[in-house]
Structures are given as C-alpha cells and as structure tokens.
Amino acid sequence: MHRIFSAVIVLATIVFVCAPVFIAWAPYESTMGLVQKIFYFHLPSWAAMFVAAFVCGIASAVFLFRGRLISDRIAVASAELVVVFGLIGLVSGPLWARKAWGVWWQWDARLTMALVLWMIFIAYLLLREYGGPGSEKLAAGVAIFGMANVPFVYWSVNVWRTIHPTTNVVPTLVPGMRGPLWWSLVGFLLLYGLAMMARVRLETQRATLDRIYRDLND
Amino acid sequence: MKRFFTVALLIMRKDLRVETRSRELFLTTLFFSVSTVLVFAFGFVRDGRPVENAVAGILWIAIAFAGTLALGRTFERERYHDVLKALLLAPVDRPAIYVGKLLSILALLGAVEVVIVPLVALLFQAPLFREPILAILLFSLGTLGFCAVGTLFGAMLVRARSRDVLLPVLLYPITIPVIIAGVRGTAALLQPEVDVAMIRAWIGMLVFFDVVFITLSLWTFEPVMTE
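The listed protein sequences derive, respectively, from chains H and Z. This note's numbering applies: residue 376 is where the first sequence begins, and numbers increase by one. This note's numbering applies: residue -1 is where the second sequence begins, and numbers increase by one.
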C-alpha cells in the first residue's frame, strides 16, 4: 500500500507540475480566448467527481450487504471528494459561463444535474456527521439511492432544459487542445486516487486508535 | 407470498385505526398544506391571477411539504413506545413491514391530496381535470415515488439523531425527478391545449422511478434497519 501511494504521489506531482506548461502551450480558442482555458480544470474536476460518486455508490453497496469496514471507509473518503471536486466544478463553471453565456448560472440540464448530485453527497455527509451512532449504514443506503437516481435526474432535467455544450465537444476540439485536456484529466484522477488513499488510511488509523483506547479502558 | 401481504395489510390497518381514532396526522398535515398554498398565493398571484405555471409548482411543493411532515410524524409515533423495534422483532418478513408502512402513508397523503388538489384547482381557476385519468395517474404515481423513498428514509432515521431535519435534507435531493415530473406534468395539464404526449412521457418516467426505487427499498430495508 505504502509503495503504491509513494508511486502515485511522484506520478501526480509530475503531472501537476507539467500541466500548466501544456495548458499555456495549448492554442487559444477563437471566441473566448483565455477564459476557455478554465476548461482544462473544469471538465477534469467533474470527471473526478463522477468517478468518486460511482466509487462511493459501489463501496456503499458492498458495505451494506457484505459488512466490509474497508468499503465504508472508501465510501466516506469518496463522498468527501465528490463534494470537493464538485465545488471546484461549481466555482470554475460560472467563471466560464459569465464569459460564454453572459450569466453566472443557467438552469441548464447538466448544471442542474451536477448540482443535484453534489447535494445528494452533501446530504450523505450531513447524515454521517449528525446522524449519531450507526449512521454509516443509513448513509450507505442514501449513497445507493443517490447512484440509482443519476439516470432519472439526467433524463428529467434533460427534458426540462438544455444549453450546455454537449459531450461531443471533446472530439471537435482542435488537436492542440486535446492533449492538455487528457493530461489534466489524468492529473485530476490521480489526485482523486491519492486523496482517497490518504483518507482511507486516516479512517483506518482512527479505528485502530479507538480500538486500542477501548482495550485500555476494559 | 400471501403471508407477506397479510402482514403488510395488518400494519396498514393498525396505522389507519390509530389515525381514524385521533385524526391527528390527517388534520395537521391538511391544515399545514393549506397554509403552504396560502403563503405561496401571496408570492405568486399578481393582479388577482397566478403567474403562469405557478399553480403546478405550488401544488407539488404543498404535497412535498405535507408528505415530509406526515412521514416525520408517522415514524415519531412509532418511536414513542418502540413500536418499530417491536415490529422488527416480530417473526415476519422485514420488507412486509416496509410495504405496510408505505401503504398507510400513501393512504394518509392520498387523503390529504383528495382535498388539496381540487382546492388548489378551485382557488387558482386551474383546469386540472380536463384529462382526469392522466391527472389521477400523474398524482398517484408521483405520490407513490415520493412515499416509496420517504418511507425507507423515515424508517431508517428513527434511530438517528437530528432526524427531523435530516429527513427533508435526504429526501428532497433524491426525489427531485419526482418533483420535476410532477410539476412539468401538471404544467402540461394546465396548458390551453393539454399536452398529452408530454404528460405520457412524465408518467412513463414516474413508472420507472417507482419500480426502481420500490425494488431498491425492499432490497435495502433489512440491512439498513438491522444494527
């Protein structure tokens, strides 16, 4: 575990150090200019959020039906990272939207869906924080429901409205922009993996400490 | 299978008997939803007429609020004398308990809607019943979806701290698709020309939602409820 962690740290550092250079080298977009470069930050953060949400849902199901403590730790670490990466997306999105659409926020399908998903995971963390003892199991139920909800939210907000650039924006990118985008995407996913491993380790150590403390008292 | 439904119906009958004797939940929930409608009327009525499409929103917010209140109170009642614990100790299928509670909450919220929906139609001159079958389907499927998720969350929060505030915090983000379908479907009902295709699409989504979430609830009820 320790060796993998160190390897990922080295890799992620290299990726993050090089990323600004590649992004600076990438060609300027004709209409939006510099603001378009938020894209290299914005899309990877949402991608990392969706990966984290998916991991949290699966880990919660494993925890609920198999009772493995490690999956609960992975679930809570991922849920926290969903909120962090979601926040990055929610901050960087409006900065771009102000330039592209002239407003900070639009009730567009993708924005609404991302907001709803983000809020489900905030609710998950609130339940764990304030639900008292035994709330991990309840939170696992919420995470499973949250994951099952994704297609429904997607469909319903899509019928409701849509103005966001669609997913086919990536294949239409100028080749010079594609490289830095994939680079940033890898960087963000590495960052997610790294933060998750560190958080799971923290949770495990906390549990060990609790056990030692209990044993001492007995 | 027969035993499963016998247990569910027994639990529903128990809840309805308690309710018909006190009428506490029905009256308080109904009064609360009427007050909600009144508060919204001040916000969304200009020059004596409601803002376009506001009626659909007002109606579904009133239903969602009333539903949350009813769910919270129903399970609070179960908590007082450890009724839920007793039910879980009984040698019956756990999912049958879920179905029983779901049926009784549906009956309660359905009774509230029977009053509140025509009342809103009357107060805001909203022609809700030009397509009566579609309207009834929309409201019943929407209520079913909301209650299916709400019953599971209400039941599992019985043993959590700060359950009063956590119920809406968890319930609203998860039931967003139901609310969107309800509001947009109702808005389609209220168009000058009823948009039948749109209402059918929303009803279709609600059927999917209900099937998926009732299945998930039946599946997760036991592991979530046992410590």
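The beta carbon of each residue, even a glycine, is placed where N, CA and C say it ideally should be.
Whole-number beta carbon distance between residue j and residue i, since they are thought to touch under 8 Å
i: Glu578 (chain H); j: Arg448 (chain H); result: 4 Å
i: Phe63 (chain Z); j: Phe30 (chain Z); result: 7 Å
i: Gly521 (chain H); j: Tyr499 (chain H); result: 7 Å
i: Ile134 (chain Z); j: Ala60 (chain Z); result: Ile134 (chain Z) to Ala60 (chain Z), Cβ: 18 Å. No contact.
i: Glu76 (chain Z); j: Leu82 (chain Z); result: 4 Å
i: Val167 (chain Z); j: Leu465 (chain H); result: That belief does not hold up - the Cβ atoms of Val167 (chain Z) and Leu465 (chain H) are roughly 19 Å apart, past 8 Å.
i: Thr238 (chain Z); j: Leu444 (chain H); result: What is shown of chain Z runs -1 to 225, which leaves residue 238 (chain Z) out entirely.
i: Pro171 (chain Z); j: Phe207 (chain Z); result: That belief does not hold up - the Cβ atoms of Pro171 (chain Z) and Phe207 (chain Z) are roughly 14 Å apart, past 8 Å.
i: Ala146 (chain Z); j: Ile212 (chain Z); result: 5 Å
i: Phe24 (chain Z); j: Leu106 (chain Z); result: 6 Å
i: Trp58 (chain Z); j: Gly180 (chain Z); result: 4 Å
i: Ala186 (chain Z); j: Ile197 (chain Z); result: 5 Å
Cβ of residue i within 8 Å of any chain H Cβ
i: Phe207 (chain Z); result: yes
i: Arg279 (chain Z); result: Outside the modelled stretch of chain Z, which goes from -1 to 225, sits residue 279 (chain Z), for which no answer is possible.
i: Ala186 (chain Z); result: no
i: Pro93 (chain Z); result: no
i: Leu142 (chain Z); result: no
i: Arg71 (chain Z); result: no
i: Arg182 (chain Z); result: yes
i: Leu139 (chain Z); result: no
i: Leu136 (chain Z); result: no
i: Leu214 (chain Z); result: yes
i: Thr26 (chain Z); result: no
i: Arg290 (chain Z); result: What the structure shows of chain Z is the stretch from -1 to 225, and residue 290 (chain Z) is not part of that stretch, so it cannot be assessed.
i: Ile172 (chain Z); result: yes
i: Thr218 (chain Z); result: yes
i: Ala195 (chain Z); result: no
i: Ala54 (chain Z); result: no
i: Val97 (chain Z); result: no
i: Ile59 (chain Z); result: no
Environment of residue i [buried if 16+ CB atoms lie within 10 Å]
i: Thr27 (chain Z); result: buried
i: Gly46 (chain Z); result: exposed
i: Pro395 (chain H); result: exposed
i: Thr173 (chain Z); result: buried
i: Tyr415 (chain H); result: buried
i: Tyr567 (chain H); result: buried
i: Asn592 (chain H); result: exposed
i: Ser357 (chain H); result: This structure gives no information on residue 357 (chain H), because the portion of chain H shown stretches from 376 to 593.
i: Glu111 (chain Z); result: buried
i: Val37 (chain Z); result: exposed
i: Cys393 (chain H); result: exposed
i: Glu455 (chain H); result: buried
Residue interval of the alpha helix (DSSP H) (run including residue i)
i: Pro125 (chain Z); result: Note, Pro125 (chain Z): premise wrong, no alpha helix (DSSP H); not H, not E.
i: His79 (chain Z); result: Here His79 (chain Z) belongs to no alpha helix (DSSP H), and DSSP marks it neither H nor E.
i: Val345 (chain H); result: In this structure chain H extends from 376 to 593, so residue 345 (chain H) is not present and cannot be described.
i: Pro221 (chain Z); result: 194 to 223
i: Thr184 (chain Z); result: 174 to 188
i: Asp590 (chain H); result: 550 to 592
i: Pro395 (chain H); result: 377 to 400
Interface flag, residue i vs chain Z, CB-CB below 8 Å
i: Tyr505 (chain H); result: yes
i: Ser531 (chain H); result: yes
i: Ser510 (chain H); result: yes
i: Gly516 (chain H); result: yes
i: Met494 (chain H); result: yes
i: Ile433 (chain H); result: no
i: Leu566 (chain H); result: no
i: Gly461 (chain H); result: no
i: Leu439 (chain H); result: yes
i: Gly464 (chain H); result: no
i: Ala498 (chain H); result: yes
i: Trp535 (chain H); result: yes
i: Val451 (chain H); result: no
i: Ala423 (chain H); result: no
i: Ile519 (chain H); result: yes
i: Ala523 (chain H); result: yes
i: Val478 (chain H); result: no
i: Phe391 (chain H); result: no
i: Leu444 (chain H); result: no
Please go through the region 411 to 483 of chain H and give each complete alpha helix (DSSP H) segment of 4 or more residues, from N-terminal end onward.
Listed in chain order, the complete alpha helix (DSSP H) runs (minimum 4 residues) inside the region 411 to 483 of chain H are 414 to 441, 444 to 475.
Please give me, in chain order, every unbroken run of the beta strand (DSSP E) with length at least 3 that falls completely inside the region 101 to 159 of chain Z.
Within the region 101 to 159 of chain Z, not a single complete beta strand (DSSP E) segment reaches 3 residues in length.
Which runs of the beta strand (DSSP E) spanning at least 3 residues fall entirely within the region 18 to 93 of chain Z, listed in chain order?
If one requires a minimum length of 3 residues, no beta strand (DSSP E) run lies completely within the region 18 to 93 of chain Z.
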